Amino acid sequence: MSEPVRVARVLEQTTAEGPGERTAIWVQGCTIRCAGCFNPHLFGTRGGTLTDPADLVARVVAAGTSGVTLLGGEPFEQPAGLAVIAAGVQAAGLTVMTFTGYEYADLRTQAVEGNRAVAALLDHTDLLVAGPFRQDLVDHERPWLGSSNQEFRHLTDRLRDVSGPDRLEVIVTASGDVSVNGWADTDALDALLAGLPTRRTH
Ligand code: SF4
Numbered sequence: 001m002s003e004p005v006r007v008a009r010v011l012e013q014t015t016a017e018g019p020g021e022r023t024a025i026w027v028q029g030c031t032i033r034c035a036g037c038f039n040p041h042l043f044g045t046r047g048g049t050l051t052d053p054a055d056l057v058a059r060v061v062a063a064g065t066s067g068v069t070l071l072g073g074e075p076f077e078q079p080a081g082l083a084v085i086a087a088g089v090q091a092a093g094l095t096v097m098t099f100t101g102y103e104y105a106d107l108r109t110q111a112v113e114g115n116r117a118v119a120a121l122l123d124h125t126d127l128l129v130a131g132p133f134r135q136d137l138v139d140h141e142r143p144w145l146g147s148s149n150q151e152f153r154h155l156t157d158r159l160r161d162v163s164g165p166d167r168l169e170v171i172v173t174a175s176g177d178v179s180v181n182g183w184a185d186t187d188a189l190d191a192l193l194a195g196l197p198t199r200r201t202h
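The following block contains the structure:
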């Protein structure tokens, strides 16, 4: 078994986390801790569920979407298991988009200096969204990312089209649980969800 991944949430089908219809995997744990992060409940490394990467590849393929989006939490703080997922998803002919709060140059330096897991996750990512969230630089122009300092890095020729609107998805289960994913201005989101018991993962 490959190194397990600590997973906070899997959403089988979403149109709010990258180009087209995708499967999203939020990992648990992030030490970067950007001020204003939408997912502070994903900072800690004790939550989530340890999951075999092979099981996650199977879930992504079974979902029938165009690929997977890896986000968090911080994917590059669990690069070994996520690289296995990314490689498996690409081997199935699907695409991989990965969000990170680290700068691309720093990740590339780690890879060059011998961090094989980081190198593997970069190698099996088609589209990287890199850089920490800056709440003083909120980006209202480009889809999916949160602030203007963050960058799209095209690491392959796939997922070249990064145009489109920001979307917010609100899912209400039969038992009344409400979960939200995608990206929206915090004030707008708070107004929308006032009084509802929600789980947010952007
Ligand atoms: S925005 Fe991303 S990188 Fe920054 S603290 Fe939140 S999960 Fe971590």
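Heads up, the final residue of the sequence shown is numbered 202 in UniProt numbering, and it's a clean run with no missing numbers. Glycine residues also receive a C-beta, built at the ideal position from the N, C-alpha and C atoms. Fair warning: this is a prediction, and the values are worked out from it, not measured in the lab.
Selection from the options that minimises the alpha carbon distance to residue i
i    : options                : result
A91  : D136, N39, D123, A8    : D123
R134 : G36, V7, G18, T14      : G36
T98  : A120, L71, Q110, A117  : L71
E74  : A130, E151, L155, E141 : A130
E169 : R22, P53, E3, V5       : R22
G182 : A62, F152, E17         : E17
S148 : P132, D161, T156, S163 : P132
R158 : G176, L128, G146       : L128
P143 : A87, S163, T156        : S163
F43  : S66, G114, L155, R33   : R33
I25  : V118, E113, A86, A120  : A86
A105 : R153, V84, V60, A120   : R153
R160 : G20, A111, T65, A117   : G20
E141 : A117, L155, T51, R167  : R167
P53  : T45, V89, E113, T156   : V89
L107 : P79, D55, L94          : P79
R9   : N115, G29, E3          : G29
T95  : G81, T109, S66, G114   : S66
Residue i, buried or exposed, once every other Cβ within 10 Å from all chains shown has been counted against 16
i    : result
D126 : buried
L137 : exposed
I171 : exposed
R6   : buried
P165 : exposed
T14  : buried
V57  : buried
E77  : buried
T69  : buried
V84  : buried
T49  : exposed
T31  : exposed
V112 : exposed
Unbroken beta strand (DSSP E) run spanning residue i, endpoints
i    : result
V138 : Here V138 belongs to no beta strand (DSSP E), and DSSP marks it neither H nor E.
R33  : Careful: R33 lies outside any beta strand (DSSP E) and carries neither H nor E.
R46  : Careful: R46 lies outside any beta strand (DSSP E) and carries neither H nor E.
N181 : 178-182
F152 : 151-154
T173 : T173 -> no beta strand (DSSP E), and no H or E assigned at all.
G72  : That residue, G72, is in no beta strand (DSSP E); it is neither H nor E in DSSP.
H22  : The sequence given here places Arg at residue 22; His does not occur at that position. First-last of the beta strand (DSSP E) with R22: 22-27.
N- and C-terminal bounds of the alpha helix (DSSP H) containing residue i
i   : result
R9  : Careful: R9 lies outside any alpha helix (DSSP H), inside the beta strand (DSSP E) at 5-14.
L56 : 53-63
Contact test: residue i Cβ vs the ligand ADP heavy atom, cutoff 7 Å
i    : result
N181 : Inclusion of the ligand ADP in the displayed structure is not the case, the ligand content consisting of the ligand SF4 alone.
Restricting to runs no shorter than 3 residues, where is the beta strand (DSSP E) found entirely within the stretch 83-138?
95-100, 127-130
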